[in-house]
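In UniProt numbering, the protein residues as written are 1 to 173. Single-structure report; data block below.
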């Protein structure tokens, strides 16, 4: 139920936030809630991923891209993701989730998401995203870019991200 509420909040209709672009960093101010905590008395790894979903939808909503996708029957999916943890987030601890577009390859958009508590980055996630059609199939990246007025060629993903993406695809070979 919590996941559904998070997704409804993140995808709620609303106007584009003034001055936001898809390549800006968005920041969500959050707090570790009792339902986020596991038996180790820190935020569960599954909640990090759920908050990351919320952050990516927030970026799409604030930039206006989500409103461009909806009427076309497009929706974002996670193709691959990885996260590294430095410190635990304890119950009640405030944190900021920073979400930014890292760049693109020929098929995917790559997003970096940082969990920041105080002045310390406590976890970092990298996500490879694709856009699918409700009628089936993948939306080509250049089609999305044309609709969203984004020059994907001007924002290539860093080499290390492309290397990670290649390794994540190779798992299925």
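Ideal Cβ placement from N, Cα and C applies to all residues, glycine included. These numbers come from a predicted model, not from an experiment.
Asked, Found
"By how many angstroms is the C-alpha of residue 71 removed from the C-alpha of residue 143?", "14 Å"
"Could you give the residue range of the alpha helix (DSSP H) that holds residue 132?", "Segment 120-133 is the beta strand (DSSP E) holding residue 132; no alpha helix (DSSP H) there."
"Does DSSP put residue 71 in a helix, in a strand, or in coil?", "helix"
"What residue does the beta strand (DSSP E) around residue 172 start on, and which one ends it?", "No beta strand (DSSP E) contains residue 172, which DSSP labels as neither H nor E."
"CB residue 55 to CB residue 22, shorter than 8 Å?", "no"
"Do you know offhand how far residue 30's Cα is from residue 48's?", "12 Å"
"Starting from residue 52, trace the alpha helix (DSSP H) in both directions and tell me its first and last residue.", "45-63"
"Assuming residue 88 is part of the alpha helix (DSSP H), what are its boundary residues?", "From DSSP, residue 88 is part of no alpha helix (DSSP H); its letter is neither H nor E."
"Given a cut-off of 8 Å on the beta-carbon distance, is the pair residue 182 and residue 162 in contact?", "Any question about residue 182 goes unanswered here, given that the chain covers just 1 to 173."
"Classify residue 135 as buried or exposed, calling it buried when 16 or more other Cβ atoms lie within 10 Å of its own Cβ.", "exposed"
"Have a look at residue 46 and residue 125 and give me their C-alpha separation to the nearest angstrom.", "12 Å"
"Tell me whether residue 103 sits in a helix, a strand or coil according to DSSP, three-state version.", "strand"
"Nearest to residue 79 by alpha carbon, out of 153, 129 and 114?", "129"
"Alpha carbon to alpha carbon, how far is residue 145 from residue 35? Give it in angstroms, no decimals.", "38 Å"
"With a cut-off of 8 Å on the beta carbons, I'd call residue 158 and residue 102 a contact; round off their distance for me.", "6 Å"
"With respect to the alpha helix (DSSP H) encompassing residue 37, which residues constitute its N-terminal and C-terminal limits?", "Residue 37 -> no alpha helix (DSSP H), and no H or E assigned at all."
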